[in-house]
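S.K.:
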Amino acid sequence: MVTEKDMTLGLDWDGCETTGWFISEKFNGCRAYWDGKTLWTRNGKTIKAPEWFTRSLPQDKHLDGEIYAGYGTFEEARLATQYGKFTKNIRFMVFDCPTAAGTWDKRIAHAPTTPTSYPVSYRLCVNRVDMLAELATVQARGGEGLVIRRMDAPFYEKGRTKNLLKVKAALSL
3 MVTEKDMTLG LDWDGCETTG WFISEKFNGC RAYWDGKTLW TRNGKTIKAP EWFTRSLPQD
63 KHLDGEIYAG YGTFEEARLA TQYGKFTKNI RFMVFDCPTA AGTWDKRIAH APTTPTSYPV
123 SYRLCVNRVD MLAELATVQA RGGEGLVIRR MDAPFYEKGR TKNLLKVKAA LSL
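Position one of the sequence shown corresponds to residue 3 (our numbering), numbered consecutively onward.
#1: Using the C-alpha atoms, what's the distance from residue 112 back to residue 103?
#2: State the start and end residues of the unbroken beta strand (DSSP E) segment that holds residue 95.
#3: Going residue by residue through the stretch 86–138, where are the continuous beta strand (DSSP E) segments of at least 3 residues, counting only ones entirely within it?
#4: Please report the residue range of the alpha helix (DSSP H) in which residue 157 lies.
#5: In the DSSP assignment, find the beta strand (DSSP E) that holds residue 54 and state where it starts and stops.
#6: For the beta strand (DSSP E) containing residue 18, name the first residue and the last one.
#7: Secondary structure at residue 28, three-state DSSP: helix, strand or coil?
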């Protein structure tokens, strides 16, 4: 069984310097963890994903991510996660590969793109203005916010960490 104590959990961005951090979009879905056989919720419950959804997920890697259905469709992701009601809109947005070694950019490179799973896109943050501009772009298209990661964090951390921060509109003021 996998629970949130086995997962990296971010803190809210507190205004700290983020130049040189990795920026990726924060998806508004339901947290999920693939252990090579089963998808788990952050509360340790099995996600009843259909075989067509899991067949292409790797059996030799763990993947940490989000069950996501698109902008403005959190309820669809929730129904998939809670009740196994998966539609073709559901994707597993992968934001880490805990069984891979190294810094985050090395680990995420091990996360495969499959018919149902997609590693998150990311780039380096130039400065605070750049990060806030990216936040505005993401939110203008209906996104929730950003996740920023220290580029030199050496390994997958379990629990809350200051090496992974969530940036949303209310926090950027």
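Every residue gets a Cβ at the ideal spot worked out from N, C-alpha and C, and that includes glycine.
M.R.: The short version:
#1: 9 Å
#2: 93–98
#3: 93–98 and 119–121
#4: Neither: residue 157 is in no alpha helix (DSSP H) and is coded neither H nor E.
#5: Segment 53–56 is the alpha helix (DSSP H) holding residue 54; no beta strand (DSSP E) there.
#6: Premise fails: residue 18 is in no beta strand (DSSP E) and is neither H nor E.
#7: strand
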